[in-house]
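**Student:**
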Amino acid sequence: MKRKLISAIGVAGMMISLAACGGDNGDGGDKAGADGYAGQTLTVWVMDGSSPDQWQKDVAAAFEKQTKAKVKFEIQQWNGIQQKLTTALSEENPPDVFEIGNTQTPAYAKTGGLADLADLKTSIGADWTESLNESSLYDGKQYAAPWYFANRVVLYNKKIWAEAGLKDTPKTRDELYADLKQIGEKTDAEPIYLPGQNWYHFVGLTIGEGAELVKKDGDSYVSNLADPKVAAAMETYKKFQALSKAPKDKDEATPQQGEVFGKGNVGAFIGMGWEAGIAIKANPKIEKEIGYFTIPGATADKPEGVFLGGSNLAVAAGSEKQELAKEFLKIALSDKYEGELAKLNGVIPNKESLQTNLKGNVVAEAAAPAAAGGGTTPLIPEWAAVENAPNPIKTYMTAVLNGKSPAEAAAQVEDEFNKRLSQQQ
Amino acid sequence: MKRSLFGRLWPNVTAVVLFIGFVFPVYWMFATAFKPTGDIISEDPVWFPTDITFEHFKRATGVDHFWTYVTNSLIVTLCAVVLALVIALAGSFALARMRFKGRRGFVIGFMLAQMAPWEVMIIAMYMIVRDASMLNSLVPLTVFYMMMILPFTILTLRGFVAAVPRELEEAAMVDGCTRAQAFRKVILPLLAPGLMSTSLFGFITAWNEFPLVLVLNKETEAQTLPLWLSSFQTAFGNDWGATMAASSLFAIPILILFVFLQRRAVSGLTAGAVKG
Amino acid sequence: MTVQTERPPSGPVDVAKRAESGPAGPGRRAASRLGPLTPYLLLLPACAATVLLLGWPLLKDVLLSFQNLNMAQLIQHVTEWNGIDNYKEVLTGEDFWRVTLRSILFTAVNVVLIMILGALVGLLLARLGRRMRVTLMIGLVLAWAMPVVAATTVYQWLFAQRFGVVNWVLDKLGWHSMADYSWTSSQMSTFFVVTVLIVWQSIPFVAINLYAATTTIPSELYEAASLDGAGGWQSFTTVTLPFLRPFLYATTFLEVIWVFKAFVQVFTINGGGPDRLTEILPVYAYIEGVGNQHYGMGAAIAVLTILILLGLTAYYLRIVLKQEEEEV
């Protein structure tokens, strides 16, 4: 091993002067030629897990057929995406099209990094669902196109629930709690995997309580975490978190909760429907055991409040392929492919007319009842700064879970929260 | 001079305890990497893996572009180290052997340069490279890594150059060599251990660097191994088997290089480099 | 992550600098024969590289620190000067001073531990028999050679809340509350892990170099000391310590720099958390600047960080300055 390595280094060393220390930027000309867009490649950033391989393949094929240009999908991680996106948008070759979270869109719209998509809205966006398009609008201009939306459900392991003697899925919060307790008592499994910082779920709970995370103070926004309604949401979270052995200071992505669930020793977790895919990838045998149900609310007639997460597609203002990028959006957001995405991932499409694609989809059927009562974080440019690590809301959650009272925890993070909300733009 | 039994025993006992303490994390990394997952997440640790599996290594190296990362890392690291050695050798020779105005200033200057906290200047470096249209290239990485290791290399080599007896050089010059020839034929061979041990430091530094490459090179074609290793935290979650396999692979070149070169480095050192 | 968080291989550091103070005559003669410009020419590449690759980013950083540079300005390449606003905001805030104090304490604790334990291990090496010494050396070299990124990952695994071997051992030793302990849950426990990691990786450098240095102490010095009736401790303080002093100064200087800049370890173990309580200056600069996309502010903190590091090492730099003066 040693000798081999040394000789490998020697060879590489010889190559240095010849080949190394070089790199180039790939793409040559970016102008749209007379012969369609042949020879060009469009770079599209999509988030990890948000669009299935099948969809990417189909869209790429259709795009290539129509424009003669190629498309390159690059998968991005949510962790650190804002820092990466900001620098990328300032570069000569930014990604031409990229997925951007709905809570982050207003901030980027304000930076001037996103191209105006007014004509796209006219040509294909007339019947976009208004509430879903809200985050793409800033100052009355269309800075992104709504892509898909989703809310969290409970994903559970049918085998473990059967083992614990549970037949029906719970209809109220208390029933859910009792069921999970029963799993803890009757099986070796961990009843629920709920890390301390699944803050999107917490945001959902605050929406269920009718609480606001920020309030207006004169011209600016300030923390509203001290609101007793926020505290009530946190108490609910804490009660369920106590049933989990998950770390109190980590979010649902470190480690990926789907992967933990995939090991087969966890009763349930709260997540996006597509997270089942992560579990299946980790352990294909788990596929037939996964079930879904709506997160139950305080009473049976009203499901829990949920965070209506979603993503928009935007075009970089600095992209030299504006027209081609719009061509891509027209295809990706066409009824055919928007419908396909909804069908494959069980997510809410950007038009009501496409919701028929969700019929028979177990995830979508579990998610749908709660979606009506869903909400988002405040759609203000100031919000994006809050989500940068260390997110003060996550800090608040961990503090409460570690024994602080919600009021104390709110006071603890208030300065940081307000600082971010008032951060100079 | 005879010591009591206790006097002879305690240094050895302490040494054994220390040995275990220093080696254990390294051992545990390799042991975990070779253990089947069931043994990794067991209530009682499996101290000595009996079922050896290569599954984790397969997973770690099965990532797209793995070999691109390896090649890039090797190129950048070797280029940076070689460049730094060449530049530093010239400079350190001047600092160690010549008397000239401002010499002190140069020494202090390199000491200051050695203190540069690079990770806090990332954005400034990024903007420079961006505005020079050199993103996603290995060139800026190489030269910046070279700079990161240059001051230490100069200052260390200066010590090694100074340790070569002046008389040898003079003798060569008496024999008709020019100063440059004397340097090449007499000093350079004697400096070999010094060059090796110094290059080790450079190798480790460049091999490890990741905040800069993270922001400069967004295209996978121009990324390096540390990014691959750090991505395991998110991509593989708490899959400690794969993570430890990746860490092992990342550490092995350095460990081998170190064990190989360290002996010479220390022998070079004890041969008289240190003359307090 | 960068250079100096690494353990360098054994080098003679700057201890060797006195070796050059031999007869200056021949050197001077040779230099004059080649022309007085030779040393400058030899130093030219190094200086050019330093100015271009370090000086320029540094200057850029200083310029950025006087700008309002956030997402919008970065994306649109807009330069918005805002005078000393960034400095005003940083220096009047409580955070900066708290982080500075924490950084200094963190550096002090680590460096003291490293120097004392490192020196003890070094002296132990000198006392061991050959076989034992080689064994311990191998252990030290392995720890020293571990790349920081890999070592940090391994420590996360050792101290993992679930299935981490440290928690298991503590539990078996009767400390049952530690069975499921989360080491990243509090400020002190996070610092504990980081400190163990840094000290573990740094001791070998000090120990091996110190051992190498002790082997060069002429044995006549000890003989003379024992003739004067010095005991073990006395010969240590009168012979060993003075002999090693320059080495100890130089090593302490390097350790101060490395520990102060230990970005990777702190950032990777817990991202400066919980609740930003383990942020040291470089981490703070990174989180405020890059993390919060408040780049101008980050640049200002970076400049202040550099000044503080200069302050911390000023004492040593003065010694070097004096020393070099004597030699010229």
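Read top to bottom, the protein sequences are chains V, S and X. Numbered per our numbering, the first sequence finishes at 425, counting up by one with no gaps. Numbered per our numbering, the second sequence finishes at 276, counting up by one with no gaps. Numbered per our numbering, the third sequence finishes at 328, counting up by one with no gaps. For every residue, glycine included, the Cβ atom is placed at its ideal position computed from N, Cα and C. From a predicted model like this one, the values you see are computed outputs, not experimental measurements.
Given that residue 276 of chain X touches chain V, what residues does it touch there, using C-beta distances under 7 Å?
**Tutor:** Residue numbering aside, residue 276 of chain X sits at position 276 when the third sequence is read from its first letter. Those within 7 Å of residue 276 of chain X in chain V are 390.
**Student:** Out of V:78, V:87, V:343, V:383, which one is the CA nearest neighbour of residue 212 of chain S?
**Tutor:** The residue you call residue 212 of chain S lines up with position 212 of the second sequence. Ranking the options by Cα distance to residue 212 of chain S, first place goes to V:87.
**Student:** Could one say the Cβ of residue 166 of chain X lies closer than 8 Å to chain V's Cβ atoms, at least one of them?
**Tutor:** Sequence index remark: in the third sequence, residue 166 of chain X carries index 166 (1-based). For residue 166 of chain X, the answer is no, since every Cβ of chain V falls outside 8 Å of its Cβ.
**Student:** By a C-beta neighbour count over all protein chains shown, 10 Å radius and 16 as the cutoff for buried, is residue 176 of chain X buried or exposed?
**Tutor:** Taking the third sequence and counting its residues from 1, one reaches residue 176 of chain X at position 176. Exposed: under 16 other Cβ atoms inside 10 Å.
**Student:** Where DSSP assigns a beta bridge to residue 292 of chain V, which residues make up the other side?
**Tutor:** Here residue 292 of chain V refers to the residue found at position 292 of the first sequence. BP columns for residue 292 of chain V point to V:155.
**Student:** Under 7 Å between beta-carbons, which chain S residues line up against residue 146 of chain X? List them in chain order, please.
**Tutor:** Position 146 of the third sequence, counting from 1, holds the residue named residue 146 of chain X. Going along chain S in sequence order, the residues near residue 146 of chain X (Cβ under 7 Å) are 26, 251.
**Student:** Give me, in chain order, the residues of the same chain whose beta-carbon lies closer than 7 Å to that of residue 185 of chain X; leave out the 5 immediate sequence neighbours on both sides.
**Tutor:** Here the question's residue 185 of chain X lines up with position 185 in the third sequence. Excluding positions up to five away in sequence, the list reads 274.
**Student:** Straight-line CA distance for residue 87 of chain X to residue 117 of chain S?
**Tutor:** The count along the third sequence starts at 1 and reaches residue 87 of chain X at position 87. The count along the second sequence starts at 1 and reaches residue 117 of chain S at position 117. Distance between the alpha carbons of residue 87 of chain X and residue 117 of chain S: 19 Å.
**Student:** Given that a residue counts as buried once 16 or more other Cβ atoms are within 10 Å of its Cβ, and exposed if not, what is residue 152 of chain V?
**Tutor:** For the purposes of this step, residue 152 of chain V is identified with residue 152 of the first sequence, where counting begins at 1. The residue is buried, with at least 16 neighbouring Cβ atoms inside 10 Å.
**Student:** Who are the Cβ neighbours of residue 228 of chain S in its own chain at under 6 Å, not counting the five residues just before and after it?
**Tutor:** Here the question's residue 228 of chain S lines up with position 228 in the second sequence. Hits under 6 Å: 69.
**Student:** For the segment 2-36 of chain S, list every residue whose C-beta sits within 9 Å of some C-beta in chain V, in sequence order.
**Tutor:** For the segment 2-36 of chain S, which is checked against every Cβ of chain V, not one residue is closer than 9 Å.
**Student:** Go through its chain and collect everything with a Cβ distance to residue 121 of chain X's Cβ below 7 Å, but skip five positions before and after it.
**Tutor:** Counted from its first residue, the third sequence places residue 121 of chain X at position 121. If we look at residue 121 of chain X and ignore the five residues flanking it on each side, its Cβ neighbours are 203, 207.
**Student:** Assuming residue 303 of chain V and residue 309 of chain V make a contact with CB atoms under 8 Å, what is their CB distance in whole Å?
**Tutor:** Working through the first sequence from its first residue, we reach residue 303 of chain V at position 303. Working through the first sequence from its first residue, we reach residue 309 of chain V at position 309. Rounded, the Cβ-Cβ distance is 16 Å, inconsistent with contact.
**Student:** Can you tell me where the beta strand (DSSP E) holding residue 221 of chain V begins and where it ends?
**Tutor:** Against the first sequence, residue 221 of chain V aligns to sequence position 221. Counting along the chain, the beta strand (DSSP E) containing residue 221 of chain V begins and ends at 220-223.
**Student:** May I have a chain-ordered list of the beta strand (DSSP E) segments no shorter than 3 residues that lie completely inside the segment 124-199 of chain V?
**Tutor:** 145-150, 153-157, 190-193, all fully within the segment 124-199 of chain V.
**Student:** Assign residue 173 of chain X to buried or exposed, taking buried as 16 or more other Cβ atoms, counted over all protein chains shown, within 10 Å of its Cβ.
**Tutor:** Translated into the one-based positions of the third sequence, residue 173 of chain X becomes position 173. The residue is exposed, with fewer than 16 neighbouring Cβ atoms inside 10 Å.
**Student:** Could you pull out every residue in the same chain whose Cβ sits closer than 7 Å to the Cβ of residue 27 of chain V, ignoring the five residues on either side in sequence?
**Tutor:** Within the first sequence, the letter at position 27 stands for residue 27 of chain V. Caution is warranted here: a pLDDT of 40 is assigned to residue 27 of chain V, below 50, making its placement in the model unreliable, and the coordinate value is therefore given only provisionally. If we look at residue 27 of chain V and ignore the five residues flanking it on each side, its Cβ neighbours are 41, 93.
**Student:** For residue 156 of chain X, which three-state DSSP category applies?
**Tutor:** By one-based count along the third sequence, residue 156 of chain X stands at place 156. Residue 156 of chain X: helix per DSSP, three-state reduction.
**Student:** Pick helix, strand or coil for residue 60 of chain X, following the three-state DSSP scheme.
**Tutor:** The residue given as residue 60 of chain X occupies position 60 in the third sequence. Three-state DSSP puts residue 60 of chain X in a helix.
**Student:** Could you round the C-beta distance between residue 378 of chain V and residue 213 of chain V to whole angstroms and report it? I think they count as a contact, below 8 Å.
**Tutor:** Along the first sequence, read from residue 1 onward, the residue named residue 378 of chain V stands at position 378. Along the first sequence, read from residue 1 onward, the residue named residue 213 of chain V stands at position 213. Yes, they are in contact, since the Cβ atoms of residue 378 of chain V and residue 213 of chain V sit about 7 Å apart, within 8 Å.
**Student:** Along chain X, which residues have their Cβ under 9 Å away from the Cβ of residue 399 of chain V?
**Tutor:** For the purposes of this step, residue 399 of chain V is identified with residue 399 of the first sequence, where counting begins at 1. The contacting residues are 274, 275.
**Student:** What residues in the segment 72-105 of chain S bring their beta carbon closer than 7 Å to a beta carbon of chain X?
**Tutor:** Within the segment 72-105 of chain S, the residues whose Cβ lies closer than 7 Å to some Cβ of chain X are 87, 88, 90, 91, 93, 94, 96, 97, 98, 99, 100, 103, 104, listed in chain order.
**Student:** Between the C-alpha atoms of residue 195 of chain V and residue 122 of chain S, what's the straight-line distance to the nearest angstrom?
**Tutor:** Here residue 195 of chain V corresponds to residue number 195 of the first sequence, with the count starting at 1. Here residue 122 of chain S corresponds to residue number 122 of the second sequence, with the count starting at 1. Straight-line Cα distance between these residues: approximately 32 Å.
**Student:** Under 7 Å Cβ-Cβ, which residues of chain V neighbour residue 72 of chain X?
**Tutor:** Counting from one through the third sequence, the residue named residue 72 of chain X turns up at place 72. By Cβ distance, chain V contributes 110, 111, 112, 425.
**Student:** So what's residue 313 of chain V in DSSP terms, helix, strand or just coil?
**Tutor:** Indexing the first sequence from 1 puts residue 313 of chain V at position 313. Note: residue 313 of chain V maps to strand in three-state DSSP.
**Student:** Could one say the Cβ of residue 97 of chain X lies closer than 8 Å to chain S's Cβ atoms, at least one of them?
**Tutor:** Here residue 97 of chain X corresponds to residue number 97 of the third sequence, with the count starting at 1. No - not a single Cβ of chain S is within 8 Å of the one on residue 97 of chain X.
**Student:** Count the other C-beta atoms from every protein chain shown that fall within 10 angstroms of the C-beta of residue 160 of chain X, then say buried if there are 16 or more, exposed otherwise.
**Tutor:** Taking the first residue of the third sequence as position 1, residue 160 of chain X is located at position 160. Per the 10 Å Cβ criterion, buried.
**Student:** Going straight from the alpha carbon of residue 324 of chain V to that of residue 91 of chain V, what length do you get?
**Tutor:** In the first sequence, residue 324 of chain V corresponds to position 324, counting from 1. In the first sequence, residue 91 of chain V corresponds to position 91, counting from 1. Cα to Cα, the separation comes out at about 19 Å.
**Student:** Whose C-beta lies closer than 6 Å to the C-beta of residue 189 of chain X among residues of the same chain, with five residues either side of it excluded?
**Tutor:** Within the third sequence, numbered from 1, the residue matching residue 189 of chain X stands at position 189. Counting only Cβ-Cβ distances below 6 Å, and skipping sequence neighbours, we find 183.
**Student:** Flag this pair as yes or no: are the beta carbons of residue 244 of chain S and residue 50 of chain S separated by less than 8 Å?
**Tutor:** Position 244 of the second sequence holds residue 244 of chain S. Position 50 of the second sequence holds residue 50 of chain S. No, the Cβ-Cβ distance between residue 244 of chain S and residue 50 of chain S is not below 8 Å.
**Student:** One question on the structure: do residue 354 of chain V and residue 335 of chain V come within less than 8 Å of each other, judged by their Cβ atoms?
**Tutor:** For the purposes of this step, residue 354 of chain V is identified with residue 354 of the first sequence, where counting begins at 1. For the purposes of this step, residue 335 of chain V is identified with residue 335 of the first sequence, where counting begins at 1. Yes. Within cutoff.
**Student:** In this structure, how does DSSP classify residue 176 of chain X when only helix, strand and coil are distinguished?
**Tutor:** Taking the first residue of the third sequence as 1, we reach residue 176 of chain X at position 176. In this structure, residue 176 of chain X counts as helix in the three-state DSSP scheme.
**Student:** Does any CB atom of chain S fall closer than 8 Å to the CB of residue 23 of chain V?
**Tutor:** In the first sequence, the residue the question calls residue 23 of chain V occupies position 23. Only weak support is given to the placement of residue 23 of chain V: the predicted model assigns it a pLDDT of 36, under 50, and the question is left unresolved by the model.
**Student:** DSSP three-state label for residue 256 of chain V, please.
**Tutor:** Against the first sequence, residue 256 of chain V aligns to sequence position 256. DSSP places residue 256 of chain V in strand when its eight states are reduced to three.
**Student:** In whole angstroms, what is the alpha-carbon distance linking residue 415 of chain V and residue 136 of chain X?
**Tutor:** Here residue 415 of chain V refers to the residue found at position 415 of the first sequence. Here residue 136 of chain X refers to the residue found at position 136 of the third sequence. Approximately 51 Å between the Cα atoms of the pair.
**Student:** Determine which residues share a DSSP beta bridge with residue 307 of chain V and list them.
**Tutor:** Residue mapping note: residue 307 of chain V aligns to position 307 of the first sequence, counting from 1. Bridge partners of residue 307 of chain V: V:375.
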